[in-house]
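Engineer: So the protein sequences, as listed, match chains A, B, C and D. For reference, each letter of the first sequence is one residue, going 26 to 492 in this note's numbering. For reference, each letter of the second sequence is one residue, going 26 to 492 in this note's numbering. For reference, each letter of the third sequence is one residue, going 26 to 492 in this note's numbering. For reference, each letter of the fourth sequence is one residue, going 26 to 492 in this note's numbering. The beta-carbon is built from N, C-alpha and C at its ideal position, and this holds for glycine as well.
4 protein chains.
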Amino acid sequence: MVLRTPDQYKAGLKDGRRVVYRGKTVKDVVEHPELASAVDHSALCYAIHDRRPDLAVTEIGGDPTSYFWVPPQTADDLHRRGRLIEEVSRLGGGTIVLKEVGSDALFALLRATSGRGLANAREFVDRVRREDLALCVGQTDVKGDRSKGPSEQADPDLYLRIVAEDADSITVRGAKTHTSFSANADEIVVLPTRAMGPGDEPYAVSFALPIDTPGLTLYVSPYMAGERTAFEHPLSSRHKLLESLTVFDDVRVPKDRVFVNGDPAEAGPLALAFVDYHRFTAINYKLPLLDQVIGAAVLVAEANGIAKAGHVKAKLTELITWAETVRGLAELSALRATEGENGVWRPDPLLVNMAKYHFAHGFSEATQHLIDLAGGLLITGPGADDWAVPEVREVLEKYYAGAVSGAERLRIANFISDLTARDYGGYQRVLATHAEGSFEAEKLQILRSFDTTKAVQYVSDLAGLSR
Amino acid sequence: MVLRTPDQYKAGLKDGRRVVYRGKTVKDVVEHPELASAVDHSALCYAIHDRRPDLAVTEIGGDPTSYFWVPPQTADDLHRRGRLIEEVSRLGGGTIVLKEVGSDALFALLRATSGRGLANAREFVDRVRREDLALCVGQTDVKGDRSKGPSEQADPDLYLRIVAEDADSITVRGAKTHTSFSANADEIVVLPTRAMGPGDEPYAVSFALPIDTPGLTLYVSPYMAGERTAFEHPLSSRHKLLESLTVFDDVRVPKDRVFVNGDPAEAGPLALAFVDYHRFTAINYKLPLLDQVIGAAVLVAEANGIAKAGHVKAKLTELITWAETVRGLAELSALRATEGENGVWRPDPLLVNMAKYHFAHGFSEATQHLIDLAGGLLITGPGADDWAVPEVREVLEKYYAGAVSGAERLRIANFISDLTARDYGGYQRVLATHAEGSFEAEKLQILRSFDTTKAVQYVSDLAGLSR
Amino acid sequence: MVLRTPDQYKAGLKDGRRVVYRGKTVKDVVEHPELASAVDHSALCYAIHDRRPDLAVTEIGGDPTSYFWVPPQTADDLHRRGRLIEEVSRLGGGTIVLKEVGSDALFALLRATSGRGLANAREFVDRVRREDLALCVGQTDVKGDRSKGPSEQADPDLYLRIVAEDADSITVRGAKTHTSFSANADEIVVLPTRAMGPGDEPYAVSFALPIDTPGLTLYVSPYMAGERTAFEHPLSSRHKLLESLTVFDDVRVPKDRVFVNGDPAEAGPLALAFVDYHRFTAINYKLPLLDQVIGAAVLVAEANGIAKAGHVKAKLTELITWAETVRGLAELSALRATEGENGVWRPDPLLVNMAKYHFAHGFSEATQHLIDLAGGLLITGPGADDWAVPEVREVLEKYYAGAVSGAERLRIANFISDLTARDYGGYQRVLATHAEGSFEAEKLQILRSFDTTKAVQYVSDLAGLSR
Amino acid sequence: MVLRTPDQYKAGLKDGRRVVYRGKTVKDVVEHPELASAVDHSALCYAIHDRRPDLAVTEIGGDPTSYFWVPPQTADDLHRRGRLIEEVSRLGGGTIVLKEVGSDALFALLRATSGRGLANAREFVDRVRREDLALCVGQTDVKGDRSKGPSEQADPDLYLRIVAEDADSITVRGAKTHTSFSANADEIVVLPTRAMGPGDEPYAVSFALPIDTPGLTLYVSPYMAGERTAFEHPLSSRHKLLESLTVFDDVRVPKDRVFVNGDPAEAGPLALAFVDYHRFTAINYKLPLLDQVIGAAVLVAEANGIAKAGHVKAKLTELITWAETVRGLAELSALRATEGENGVWRPDPLLVNMAKYHFAHGFSEATQHLIDLAGGLLITGPGADDWAVPEVREVLEKYYAGAVSGAERLRIANFISDLTARDYGGYQRVLATHAEGSFEAEKLQILRSFDTTKAVQYVSDLAGLSR
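1) In chain order, what residues of the same chain lie with their CB nearer than 7 Å to the CB of D/V54, ignoring the 5 residues before and after it?
2) Please list, in chain order, the chain C residues whose beta carbon lies closer than 8 Å to that of B/S491.
3) With a threshold of 8 Å between beta carbons, is D/H336 in contact with chain B?
4) For D/D75, is the classification buried or exposed, using 16 other Cβ atoms within 10 angstroms of its Cβ as the cut-off for buried?
5) Comparing C-alpha positions only, which one of D/M249, D/L160, D/F149, D/V167 sits nearest to D/S205?
6) Give me the chain D residues within the contact set of C/S172, using Cβ-Cβ distance strictly less than 8 Å, ordered along the chain.
7) Using Cβ-Cβ distances below 8 Å, what residues of the stretch 355-375 of chain D are close to chain E?
8) As an exercise, report each continuous beta strand (DSSP E) stretch of at least 3 residues that is fully enclosed by the stretch 204-253 of chain A, in chain order.
9) Which one or two residues does DSSP pair with B/G199 in a beta bridge?
10) Residues bridged to D/E364 by DSSP?
11) At the 8 Å Cβ level, is D/A480 part of the contact set with chain A, yes or no?
12) Taking all protein chains shown into account, do 16 or more other C-beta atoms lie within 10 angstroms of the C-beta of B/T50, making it buried, or fewer, making it exposed?
13) Is the CB of B/D316 under 8 Å away from at least one CB in chain C?
14) So which residues on chain B does C/V484 lean against when the C-beta distance must stay under 7 Å?
15) Consult DSSP for A/P181 and reduce its assignment to one of helix, strand or coil.
16) Note down the Cα distance separating B/V325 from A/R447, rounded to an integer number of angstroms.
17) Do the stretch 238-252 of chain C and the stretch 298-306 of chain C touch if we need at least three Cβ pairs shorter than 8 Å?
18) Taking only beta-carbon positions, decide if D/G408 is within less than 8 Å of chain A.
19) Taking B/Y46 as part of the alpha helix (DSSP H), name the residues at either end of that continuous run.
20) Against chain B, does A/E467 count as a neighbour if the rule is that its beta carbon must be under 8 Å from one of theirs?
Spelled out as structure tokens, the structure:
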């Protein structure tokens with residue numbers, strides 16, 4: 026097995042994993058009425074093999090292999106990876122699908138670990154590739170009081186930590202939060218959240234485990250729970266992530282699955298290396314979302330008959346500038362990639378973070394423009410139950426006609442409502458703010474990634490300074 | 026009957042009204058499981074009599090009377106009205122409650138109609154006051170293709186119009202959209218949407234009718250339908266509006282209930298007079314919402330342990346500046362009120378529209394700040410069903426502890442999630458953009474309300490121009 | 026003498042003061058070709074007595090007295106003071122004139138000093154009022170390395186300090202910077218810059234002295250030096266401030282002129298009390314500048330024939346909203362004034378700082394809009410020497426004609442160029458950023474002035490928190 | 026002669042040209058005390074041959090030739106051109122130097138003319154290359170009332186027009202404004218301003234002429250006139266452009282120098298083709314200016330001892346993001362170049378206009394940040410005359426010491442004052458707004474350059490629309 030099918034992927038999820046959803050233990054995530062759509066969404070990462078083999082499939086040692094698992098060794102590799110991420114996200118309605126984040130973690134491990142950890146990482150990458158596994162990544166600790174470090178918290182378990190070690194294993198306790206895909210992945214890769222210093226040794230830990238390992242429990246969030254119709258929720262009825270609080274209750278990890286074992290000096294570099302790839306992933310998987318914003322703006326302006334108004338054109342221009350700035354900087358970040366540690370290439374971090382910053386800073390205003398163009402219908406329109414009754418539908422078709430038919434206008438409005446006003450819209454807005462790094466994190470990385478020496482020397486010369 | 030109780034108000038809603046919700050006819054809105062919370066919310070407009078009689082009750086002809094129905098005759102009247110609107114909205118969780126909009130319409134009718142229409146309006150105001158009625162207002166037509174006027178639409182019914190007239194009545198056809206409270210009001214007041222000209226005569230129409238008038242059907246939007254728990258939805262489980270598509274299928278209106286009958290010259294002034302009061306209502310009922318944003322920002326920053334970070338203080342300062350600018354301009358708009366037509370006072374339109382502009386322009390960024398401060402927990406947290414299971418709750422309490430207990434932190438996060446990320450948050454965001462006038466509408470009114478003569482003369486003098 | 030005339034004011038400046046300008050000692054500031062326009066500008070503070078006695082003159086003990094010297098004792102006093110400041114600034118082309126800042130300092134001294142210092146302050150206020158003096162204020166120390174406090178600097182003189190004391194006097198050394206009006210004032214009032222603590226005793230000093238006191242030297246900045254024509258510089262050829270580095274070279278101060286003598290606890294409150302009044306002054310004297318921006322925008326849009334373009338109307342609306350928000354909050358800050366220490370009233374600090382914040386934050390964009398509307402002519406137009414030659418002027422009049430004559434269009438362009446592009450424009454822009462407090466200072470004061478308790482309690486109740 | 030030296034360039038300017046400056050006719054621009062610095066600045070375009078031959082010199086037919094005159098035939102050509110423009114601008118202190126705009130016009134002529142006009146253009150390009158001429162470009166008409174087109178103006182001369190034609194020549198009358206370099210160029214290339222239609226035939230005209238052609242008079246603006254010292258004006262004492270009103274008083278143009286002769290259909294495409302190159306020039310020559318802003322921000326923050334403050338880091342991050350976004354998009358616009366008409370390549374117009382938009386929109390805020398970091402010293406500091414007097418300088422050095430010496434701090438402050446506050450700063454700010462296209466022009470081009478089809482189809486598919 027090297028390239029799995031969607032069905033093979035789903036079959037692999039039927040194991041002894043402990044998933045808690047809405048207070049109850051889930052027997053089978055694949056068959057669960059509310060979780061199945063998330064599994065189907067992630068399965069697109071396996072469907073892409075057939076749809077876009079030019080991007081998604083490569084050959085290693087004679088075997089067709091998922092391109093997601095290929096560590097970048099040139100700028101072109103990163104460029105192709107960017108296109109692959111964009112295309113699988115396009116299938117996924119602009120939401121990240123599955124393998125992106127796991128491969129981000131693998132590349133980071135290959136770059137930032139050493140010694141036995143690195144050997145374990147290389148072996149793990151090989152196995153993932155050979156078995157075409159679905160990985161999730163547990164990075165963000167629950168953190169408790171953020172003004173305090175890991176070892177300063179009232180409860181020492183508020184960052185994941187090593188509580189015991191023997192010859193063959195370590196034992197860990199704590200929890201990771203915001204773990205995407207955990208309930209529908211095969212394995213979890215655990216990474217440290219942040220730089221650590223002396224005293225933080227027990228918290229400097231990285232490893233990988235199968236999801237059904239004893240002691241591991243996933244508390245899946247019910248956000249966006251409930252039935253969704255295609256009429257009212259054209260996006261969120263089909264595309265969805267599962268996010269969990271991932272609790273490690275004295276979980277034993279065999280040492281050949283440990284990548285960092287108590288060395289604080291490795292925590293920061295590993296966290297940052299992950300960020301290098303994960304923000305690159307972000308700026309590529311968001312591109313179809315940017316297309317959605319522009320396409321929806323054009324369609325709703327036409328439907329409402331306002332496409333020629335000056336303020337509408339101005340808003341559309343701003344949306345295009347925002348979207349294409351992200352796209353341009355994302356592309357350039359691959360073109361300007363450089364070789365990182367252990368021969369694994371990294372996208373240019375200044376451009377990656379700038380692209381992310383533009384995306385995140387502009388998303389709120391972009392959706393605001395969409396709301397502005399679309400009108401109050403986003404929150405006062407009819408639902409699928411209304412639409413299903415012929416005599417009601419007749420009234421709706423008559424009175425919701427715009428410059429297009431009532432049916433078309435309602436579909437456009439529902440699309441925008443799902444994208445901007447309903448809980449899925451809120452989900453996207455919170456993701457834009459917090460996923461793959463906060464505003465403050467991006468700003469910090471921009472400052473770190475830019476060398477001011479040349480600019481300072483230029484001004485020193487012009488101003489007649491002595492340096 | 027002059028001051029009704031909440032129960033009397035609810036009892037009044039049990040009549041033959043035709044309400045369609047999720048494709049089905051509603052027998053009784055008061056008892057309907059999904060509509061009842063909206064009725065309870067609006068009933069706060071009657072509960073306020075006991076809670077704040079100093080603001081809500083006045084005496085007319087020896088009878089205690091709702092202050093909502095008192096046309097302003099001084100700047101102080103408008104100031105008190107502003108405080109009343111703010112306090113009833115405070116009870117209502119920052120969402121408009123009920124009588125505000127109906128009284129806005131009455132004051133507009135008293136100012137902008139004439140002749141028999143004015144006489145009818147005065148009689149109607151007296152009756153509303155004596156019977157302490159619940160009014161809704163149907164203003165926004167469905168509009169069809171917005172690049173075209175009422176009489177240019179493909180379907181002539183896309184603006185409400187008079188289709189027949191006899192000695193005692195007119196007959197109207199068409200639909201109003203975004204009609205708040207219609208399903209839980211006693212009567213509907215219909216106003217024209219916009220200025221009209223020659224050829225638009227049939228569309229220049231204003232009147233009032235009981236909700237159960239034959240031919241009138243309310244198609245209530247299912248937005249925010251479904252069960253809501255206090256844990257996950259602390260605001261929206263208790264506070265909600267009903268919005269309808271309000272269809273007039275050849276409805277007969279007796280002439281003593283008609284305020285404008287086919288005179289296009291009266292349409293624009295009446296629409297604008299309504300706007301005068303309705304935006305004043307808006308900037309006052311939004312004040313508790315502004316308080317929510319600030320209070321939530323302080324609480325979540327403390328809960329996360331980040332209250333002392335520089336960027337957090339900067340965001341809080343921006344939120345305060347935004348909120349208090351709206352409050353200051355709102356207050357000043359009452360203090361600078363002037364006498365309008367027929368002795369009915371109007372708040373200063375420049376200040377009203379500026380306050381509205383600041384509110385609307387800042388809301389998206391304000392909620393963005395809240396999201397930024399609160400973190401990803403807004404969309405990955407547990408639900409009421411989880412919280413109800415003791416062994417799950419124990420895990421949640423342990424791992425969601427911040428600088429406050431896990432229980433407190435989750436409650437704060439849920440409050441902010443409801444306010445900013447879930448469908449209620451989207452509802453508020455769309456309201457901020459479109460309710461009581463769009464950005465473009467406010468801008469137009471600001472330009473119209475400001476006299477540039479003095480500034481132009483000053484510059485002409487300084488620059489040595491000849492004028 | 027209680028109300029002086031402009032000529033009496035000028036005569037008073039002819040003394041032994043040491044003013045250094047462009048490397049040379051100035052014999053007589055009144056007659057100096059480059060400084061005279063600044064003296065004339067400040068003399069408007071005496072001319073206002075005749076022009077607006079309703080605002081500028083009051084009666085104390087039977088004597089007509091400048092209203093500038095009346096400590097506010099009601100909200101109405103502050104409202105009148107605001108109007109006086111606005112009107113004298115209107116004469117002064119939107120630039121602060123003279124007495125505003127001195128009286129700000131006096132009111133602060135009356136509120137924030139105690140014991141002998143307060144007695145001295147009261148006596149000083151009486152004398153200033155009786156003699157209708159021109160005061161300048163030296164507050165900002167040169168500060169050296171801003172990451173260090175007064176007593177931590179490499180050179181102890183980088184904050185003004187007491188170097189000796191005897192029974193009758195103290196001796197001070199150091200320098201104040203950005204001292205406006207010093208070269209054309211009668212006396213200087215020295216205030217501390219900031220809050221101080223233990224170890225800063227020698228730096229906690231406040232006093233007043235005549236400008237011609239031995240040891241005091243004013244190094245006046247040559248910014249905006251050189252000849253200015255009314256054609257090219259309609260504003261800055263007539264309105265200008267002198268700013269000095271004010272050096273105290275072991276200056277002896279008699280003890281009856283000392284207000285704070287080495288008590289660090291008094292430094293912070295005095296600095297803040299000054300800020301209370303000084304920012305109130307700022308938001309009132311800027312109002313004519315706001316009028317200029319609006320008037321100029323209207324005139325140049327008309328002159329260029331673009332007044333009806335959508336983006337032009339949008340910019341004008343933004344300018345109006347900005348200007349009138351500042352005006353509204355400024356007015357309200359007086360209306361909401363409260364009694365301060367020693368019975369001296371203070372404007373509401375939240376509103377004052379919010380008005381200042383809106384002004385300062387919007388000024389750059391406002392002038393940007395003006396530049397946008399005006400076009401490249403701001404920097405490529407002809408000068409007074411061209412205009413003076415008839416055959417050149419004929420060509421200019423032909424080719425610079427717009428929707429108005431070439432002469433009018435050039436005058437409008439020159440006005441805007443002076444206001445936004447030339448050194449005077451830069452002066453205004455730097456003032457907007459730094460005068461009367463930086464952005465950071467305003468933000469800090471907003472945060473300090475707003476009590477979040479009520480908002481926090483409201484959210485706690487809504488969210489079901491335990492507090 | 027194929028590569029000229031700076032001296033040869035200067036010698037070429039000594040002819041019979043009619044230049045009017047400050048009302049007087051200039052005998053020799055090279056020797057004129059106020060104009061010479063502009064000539065020296067432009068001469069850098071010839072000095073670059075020796076300094077950066079790798080960028081500036083190529084070989085054509087065995088002759089070393091200026092690379093400026095090479096029409097781009099690949100994306101790499103445009104990339105090299107971008108680097109050349111950046112480097113010559115770096116020598117020129119961030120201000121455009123000379124040959125950029127002339128070559129922009131040549132490339133446009135090669136793409137957008139036809140028939141005899143194209144033949145003339147090709148011959149002209151050959152001659153310019155062989156003689157290494159200095160060209161200026163007259164494009165912007167004076168335009169009069171902008172609400173009216175060329176043929177609708179009260180005075181028909183407000184757009185340049187053909188007033189007569191014979192077998193060998195046309196005769197033109199009118200004026201171009203904002204003509205940079207005209208007084209120090211060898212020849213002027215005239216282009217139409219805008220798209221034209223039927224009735225505008227006489228206005229559809231393009232040609233080239235030597236500057237000393239009879240009937241041509243240059244009225245050079247005195248903006249930034251007067252003596253400038255290196256101490257107070259480190260940038261503007263050395264770098265300056267001359268801008269003229271360029272009047273054609275019945276000037277005869279031989280037909281072999283005419284590129285467009287009365288064909289309105291060619292006017293728009295030629296104007297737009299020029300814009301393609303000219304905005305590409307703009308985004309490349311601005312890059313050293315962006316470096317100045319960043320370098321100055323770092324230096325002044327260090328000098329003031331505030332480099333570690335949170336708000337300072339935030340501002341620096343914003344400046345870097347702004348500058349590097351422009352740089353990134355500029356680079357990508359060359360990388361994504363495509364072949365245009367007649368085999369002349371064009372940079373990607375979407376990216377060019379987006380880069381320009383980011384630059385122009387951010388410049389005001391960027392300089393605002395610089396002002397904020399630098400402090401009031403920008404407008405209250407000493408001048409060269411003060412600095413020249415030892416005993417004054419001693420005082421200044423003592424009291425202006427920061428975290429660096431007083432001398433260094435003043436030099437940094439003066440650099441920033443020149444760049445942001447004084448007339449040169451205003452010049453840059455107006456350029457940022459209007460040069461190479463206004464905000465509105467860039468927005469229009471962005472909208473035109475982006476094809477929304479793909480985004481619309483994507484949303485149509487997701488939303489279930491029928492298209």
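Structural biologist: Walking through what the data contain:
1) L38, V44, L60, V64, A208, N209
2) E433
3) yes
4) exposed
5) D/L160
6) G330, I331, K333, A428
7) Any reference to chain E falls outside this structure, whose protein chains are A, B, C and D.
8) 212-215, 230-235, 241-245
9) B/F273
10) D/W370
11) yes
12) exposed
13) yes
14) Q317, G320, A321, L324, F440
15) helix
16) 23 Å
17) no
18) no
19) No alpha helix (DSSP H) holds B/Y46; the beta strand (DSSP E) holding it covers 43-46.
20) no
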